[in-house]
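Engineer: Quick note: the sequence shown uses the UniProt record's numbering, first residue 1, plus one each step.
Shown below is the structure under consideration.
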Amino acid sequence: MDSLVFLCARRLVSYESDFRRTLSTLPNELYPVLFSAAFLDSRTLVVRDLVAVWPFPVLSFQRLLANLDHHLQHHPKGVPRKLCVQATILAVVAHLHQTLEEPDRGASERRCCLRVLDMMDLPDDEARGGPEGMSLWSSTVALAKACLEVSKHQNEHLKHGSKRWKGPSGALEAPQPFGVEIRTDLFVNSTSFAVLRDALQANATCLLRLRCRDFHAEELSVGSTVTLLDCLDACGVRRIDLRFNNLGLSGLCVVLPHLTRFPNLLSLRLPYSNVDVRRFVSGTDASLRRLAGQLGSLLRLKELNFGSSRLSGNLQYLLSDLQTPLESLELAFCSLLPEDLNYLRQSLHAPALRKLDLSGHDFTEALLQPLRQLLETISASLLHLDLMECRLTDSQLDELLPAICRCSQLRCLGLFGNLFSTPALKVLLEKTTVLPYLRLVIYPYPMDCYITNHLRPPSGSGWFFEDAVDRARFTAAKAEFCKLLVKLGRADAVWTTSLPRHGALDYFDL
1 MDSLVFLCAR RLVSYESDFR RTLSTLPNEL YPVLFSAAFL DSRTLVVRDL
51 VAVWPFPVLS FQRLLANLDH HLQHHPKGVP RKLCVQATIL AVVAHLHQTL
101 EEPDRGASER RCCLRVLDMM DLPDDEARGG PEGMSLWSST VALAKACLEV
151 SKHQNEHLKH GSKRWKGPSG ALEAPQPFGV EIRTDLFVNS TSFAVLRDAL
201 QANATCLLRL RCRDFHAEEL SVGSTVTLLD CLDACGVRRI DLRFNNLGLS
251 GLCVVLPHLT RFPNLLSLRL PYSNVDVRRF VSGTDASLRR LAGQLGSLLR
301 LKELNFGSSR LSGNLQYLLS DLQTPLESLE LAFCSLLPED LNYLRQSLHA
351 PALRKLDLSG HDFTEALLQP LRQLLETISA SLLHLDLMEC RLTDSQLDEL
401 LPAICRCSQL RCLGLFGNLF STPALKVLLE KTTVLPYLRL VIYPYPMDCY
451 ITNHLRPPSG SGWFFEDAVD RARFTAAKAE FCKLLVKLGR ADAVWTTSLP
501 RHGALDYFDL
């Protein structure tokens, strides 16, 4: 339920055309609630006016919008973000332009005190889509263009004869105290590479500066990837995520040495990097040794994702030089062998693992026993387990259940794409009630809920099409699961087949 102050704020910001006249009379303490109200109702003119005279050094979207979660849940299209985020960015740009032009504006006149715009943890609306959402890619491009606009205006200001920003040699001095730092996550691909590169290269002198926390890149060449990595602020980066870049083993060996400049790097994600050690070519062993040594030089690394790299029998080789135990390891579709799982069970990582993704492996035969032993070993620490598309049947689930139920801290269990029946899923639900923290289970459509002649052959990956499901049968099965959850006192747990809606828990959210 909204507070009376928030309800009044929503009413006040609804008068957009008159709001600016009243702003000078409002106490500073009301600015945060007014911003939240304006953001919720997409009052972009109010957002712009508030930012123009923001009385605090920091504006944090996460902090200001935290109390809007219940509105997000009930709003059919979510909270509109794009226009309000853009209005905020434009207001910051306008503030810097005005400060350059009027640096000696009267002290009695209310002016913007903003020094840090914190845009971290804004939801990426790419999955939701629609014109009101704003993806991480879009916000990255908008921020990069804003930085370049400020930099251009700054340089033009110098050319027109101002001495204020020139040093003894006539060159542009370091950013002045009224500059604004934008803390954000960045997402770049080949389309947006040039604009982000130019913005990051302007960081040293621009009054609007980008500071990246999580860096995501897709479809970039080795050279482009290295260029951007070398432009990032070294201390602020905690995650590097390079996917679909076709780097290969040789490309990774070129890129990874550039990561040693990030002292606080905790997460390295390299899925779909086109690494396949099964295709042995000259120099593969040497490249693996080099890659292992480079990983070992990342002294604070806690999360590693090598998804879709074919590592068969080489996991020990790859992880042998790591100095500290990993807490999150994602090895989906990595063609692992029993010796890989046995190594992991005996490694320094086993007691520390909180998240493990082994999706896409065939656990019907040789891998099943090593998996069971591994789960028993890591049961005390494991919070998140993904075993999706693993061809698991009712009988294999029955064998794994004792080990799964020993994972007393487990919060999330991903089993989508396996070959379970409704009775087997009910047994899973009943048995896992001993796990007090298990709140999310992503389960497969039961085999008995498929239209028989639309089933894929069992030798397939286990990923079945939703349109082959008999909706009536599945609705009945889902109702049984809901009743059972209520009966067992676990109505708070989410059991779903909706992978895109709920997704996997991020390592930093565990």
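Backbone N, C-alpha and C fix where the C-beta goes; we use that ideal spot for every residue, glycine too.
Computed from a predicted model, the values in this text were never measured in an experiment.
In three-state terms, what does DSSP make of E376?
Structural biologist: Here E376 sits in helix by DSSP.
Engineer: Residues in the same chain with beta-carbon distance under 6 Å from F416, minus the five sequence neighbours each way, listed in chain order, please.
Structural biologist: Closer than 6 Å at Cβ, skipping near neighbours: M388, I442, P444 and L499.
Engineer: For V47, write down the residues that DSSP places opposite it in a beta bridge.
Structural biologist: Paired residue(s): none; V47 is not in a bridge.
Engineer: Under 7 Å, do L266 and R300 count as touching if we go by C-beta distance?
Structural biologist: The answer is yes: Cβ separation under 7 Å.
Engineer: In chain order, what residues of the same chain have a beta carbon less than 6 Å from the beta carbon of S421, not counting five sequence neighbours either side?
Structural biologist: Answer for S421: D394, P446, M447 and D448, listed in chain order.
Engineer: For a minimum of 4 consecutive residues, which ranges assigned as the alpha helix (DSSP H) are wholly contained in the stretch 353-440?
Structural biologist: Segments of the alpha helix (DSSP H) lying fully in the stretch 353-440: 368-377, 394-405 and 422-431.
Engineer: Mind checking T140: buried by the 16 CB within 10 Å criterion, or exposed?
Structural biologist: The residue in question, T140, is buried, as its Cβ has 16 or more Cβ neighbours within 10 Å.
Engineer: Between the Cα of C253 and those of L232, V222 and P271, spot the shortest distance and give me the residue it belongs to.
Structural biologist: Checking every option, the nearest Cα to that of C253 belongs to V222.
Engineer: Using the Cα positions of L318 and I378, report the straight-line distance between them to the nearest angstrom.
Structural biologist: C-alpha separation (whole angstroms): 20 Å.
Engineer: If the criterion is Cβ atoms closer than 7 Å, does the pair A199 and L117 meet it?
Structural biologist: It is not a contact, given that the beta carbons lie outside the stated cut-off.
Engineer: What does C212 pair with, by DSSP beta-bridge criteria?
Structural biologist: In DSSP, C212 forms a bridge with T184.
Engineer: Quick check on DSSP: helix, strand or coil for Y272?
Structural biologist: Here Y272 sits in coil by DSSP.
Engineer: Based on Cα-Cα distance, which residue from A194, L90, L34 and L45 lies nearest to L68?
Structural biologist: Minimum Cα distance to L68 is reached at L34.
Engineer: Mind checking H349: buried by the 16 CB within 10 Å criterion, or exposed?
Structural biologist: With 16 or more other Cβ atoms within 10 Å, it is buried.
Engineer: Taking the Cβ atom as the reference point for each residue, do N246 and E218 lie within a distance shorter than 7 Å?
Structural biologist: No, the pair does not count as a contact, with Cβ atoms beyond the cut-off.
Engineer: Look at the alpha carbon of D276 and the alpha carbon of N342, and state the distance between them as a whole number of angstroms.
Structural biologist: Between D276 and N342, the C-alpha separation is close to 21 Å.
Engineer: Hey, could you find the ends of the alpha helix (DSSP H) I89 is sitting in?
Structural biologist: Its alpha helix (DSSP H) spans residues K82 to E101.
Engineer: So the candidates are R310, L371 and R211; which of them puts its Cα closest to the Cα of P338?
Structural biologist: The residue with the shortest Cα to Cα distance from P338 is L371.
Engineer: For a test of the three-state rule: what should DSSP assign to E480, helix, strand or coil?
Structural biologist: Note: E480 maps to helix in three-state DSSP.
Engineer: Could you please give me the residues that DSSP links to V116 through a beta bridge?
Structural biologist: V58 and E181.
Engineer: Shortest alpha-carbon distance to L210 belongs to which of M119, Y272, L270 and N274?
Structural biologist: It is M119.
Engineer: Out of L26, P32, F6 and R48, state which residue places its alpha-carbon closest to the alpha-carbon of E16.
Structural biologist: For the residues L26, P32, F6 and R48, the minimum Cα distance to E16 belongs to R48.
Engineer: Kindly indicate the opening and closing residues of the beta strand (DSSP E) around N305.
Structural biologist: Start and end: E303 to N305.
Engineer: Near D470, which residues of its chain fall below 6 Å by C-beta distance, leaving aside the five closest residues on each side in sequence?
Structural biologist: Result list for D470: C449 and I451, in chain order.
Engineer: Between the Cα of S273 and those of H258, L288 and R243, spot the shortest distance and give me the residue it belongs to.
Structural biologist: Among H258, L288 and R243, the Cα nearest to that of S273 is on R243.
Engineer: With distances taken between CB atoms, is the gap from S224 to T260 smaller than 7 Å?
Structural biologist: In this structure, T260 does not lie closer than 7 Å to S224 by Cβ.
Engineer: Rounded to whole angstroms, what's the CA-CA distance from T205 to H216? Just pull it up for me.
Structural biologist: Answer to the nearest angstrom: the Cα atoms are 24 Å apart.
Engineer: By a C-beta neighbour count over all protein chains shown, 10 Å radius and 16 as the cutoff for buried, is V93 buried or exposed?
Structural biologist: Buried, by the Cβ-count rule.
Engineer: Going by DSSP, what residue range makes up the alpha helix (DSSP H) through S328?
Structural biologist: Taken as a continuous stretch (DSSP letters only), S328 belongs to no alpha helix (DSSP H), being part of the beta strand (DSSP E) at S328 to E330.
Engineer: One question on the structure: do A424 and L397 come within less than 7 Å of each other, judged by their Cβ atoms?
Structural biologist: It is a contact, given that the beta carbons lie within the stated cut-off.
Engineer: Considering only their Cβ atoms, is the gap separating T433 from L488 smaller than 7 Å?
Structural biologist: Going by C-beta atoms, L488 is nearer than 7 Å to T433.
Engineer: Please state whether the Cβ-Cβ distance between W54 and L122 is less than 7 Å.
Structural biologist: The answer is no: Cβ separation not under 7 Å.
Engineer: Would you tell me roughly how many angstroms separate the C-alpha atoms of T25 and F19, rounded to the nearest one?
Structural biologist: Their Cα atoms are separated by approximately 11 Å.
Engineer: Would a C-beta distance cut-off of 7 Å place G313 and A332 closer than the cut-off?
Structural biologist: No. Outside cutoff.
Engineer: Smallest Cα separation from L64: which of S381, L40, N264 and V46?
Structural biologist: The shortest C-alpha separation from L64 is found at L40.
Engineer: Taking the alpha-carbon positions, what's the residue 577 to N264 distance?
Structural biologist: Outside the shown range of the chain, which is 1 to 510, sits residue 577, and nothing can be said about it.
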